[in-house]
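Data first, discussion second: the structure below is written as structure tokens.
Residue numbers (my numbering): 15 to 69.
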């Protein structure tokens, strides 16, 4: 019985780690997306600034 409860605990721990890894991955994707958005905004600003200088 003690082994069974230990196996359940291990299984539960694995599930928790798996869920945490999933959340970390989601967070990393969100950060990556935000970085892309900032990069696009930066390029657009750069283009506008160049146009303003030329004008």
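Virtual Cβ for every residue (Gly too), placed ideally from N, Cα, C.
Proximal residues to residue i (C-beta, below 8 Å), its chain only, five neighbours per side dropped
i          : result
residue 42 : none
Which of helix, strand or coil DSSP assigns to residue i
i          : result
residue 15 : coil
Rounded C-alpha distance that separates residue i from residue j
i          : j          : result
residue 30 : residue 15 : 23 Å
residue 20 : residue 27 : 10 Å
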